[in-house]
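Residue numbers (the numbering used here): 136 to 302. One structure below.
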């Protein structure tokens, strides 16, 4: 199994997650004067400068946009293509409707330890650490946004699947 690349993994899971948890809603108030894209590339390159030269990666494919989805404000970040488990396709800084703190969600590349098939995992970073939220959708932005919308639905409106169903 391929090891996660330091630059890719730490940028999503430490740099972006840390910014989301530290600055939260301020990241979503007003786009940076020089744009979200340029800010992300500057963060990526700045973080890369702290790494040994052999661990640095180009920012190819890195992009972001601030948008509203299902009543929630968010920064959707598309990361360079993942190459190993736990590297993220996407990350989102999400300010749920009616809440004053942000959540940080990821859609991560995964490989089944049983049969080696690839897939995705929905993850979340909080002050307590990383949480695996289960299988994710195909790695497409709209499907990631839909998964976020479902995750943030009030519990009483979610449809229960499986053995026990509400009547």
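Ideal placement from N, C-alpha and C gives every residue a C-beta, glycine not left out.
Quick one: grab the DSSP three-state call for residue i.
| i | result |
| --- | --- |
| residue 283 | helix |
| residue 175 | helix |
| residue 168 | coil |
| residue 196 | coil |
| residue 154 | helix |
| residue 223 | strand |
| residue 186 | coil |
| residue 275 | coil |
| residue 216 | coil |
| residue 301 | Residue confidence for residue 301 is low, a pLDDT of 48 falling below 50, so the modelled location carries little weight; the figure read from the coordinates is stated next. Note: residue 301 maps to coil in three-state DSSP. |
Closest to residue i by CA distance: which of the options is it?
| i | options | result |
| --- | --- | --- |
| residue 229 | 138, 141, 139 and 154 | 154 |
| residue 265 | 208, 273 and 243 | 243 |
| residue 279 | 190, 192, 225 and 161 | 225 |
| residue 159 | 189, 143 and 237 | 237 |
| residue 239 | 173, 171 and 263 | 263 |
| residue 194 | 283, 157 and 180 | 180 |
| residue 148 | 275, 241 and 173 | 241 |
| residue 183 | 146, 170, 165 and 161 | 146 |
| residue 276 | 188, 201 and 187 | 201 |
Is the beta carbon of residue i less than 8 Å from the beta carbon of residue j?
| i | j | result |
| --- | --- | --- |
| residue 273 | residue 219 | no |
| residue 227 | residue 211 | yes |
| residue 271 | residue 255 | yes |
| residue 175 | residue 196 | no |
| residue 245 | residue 235 | no |
| residue 284 | residue 205 | yes |
I believe residue i touches residue j by the beta-carbon criterion, under 8 Å. Please report the beta-carbon distance rounded to the nearest angstrom.
| i | j | result |
| --- | --- | --- |
| residue 208 | residue 163 | 5 Å |
| residue 192 | residue 140 | 6 Å |
| residue 142 | residue 190 | 6 Å |
| residue 221 | residue 144 | 6 Å |
| residue 260 | residue 186 | 20 Å between Cβ atoms; not a contact. |
Let me check one thing: in DSSP terms, what residues is residue i bridge-paired to?
| i | result |
| --- | --- |
| residue 253 | 246 |
| residue 259 | 240 and 266 |
| residue 210 | 201 and 228 |
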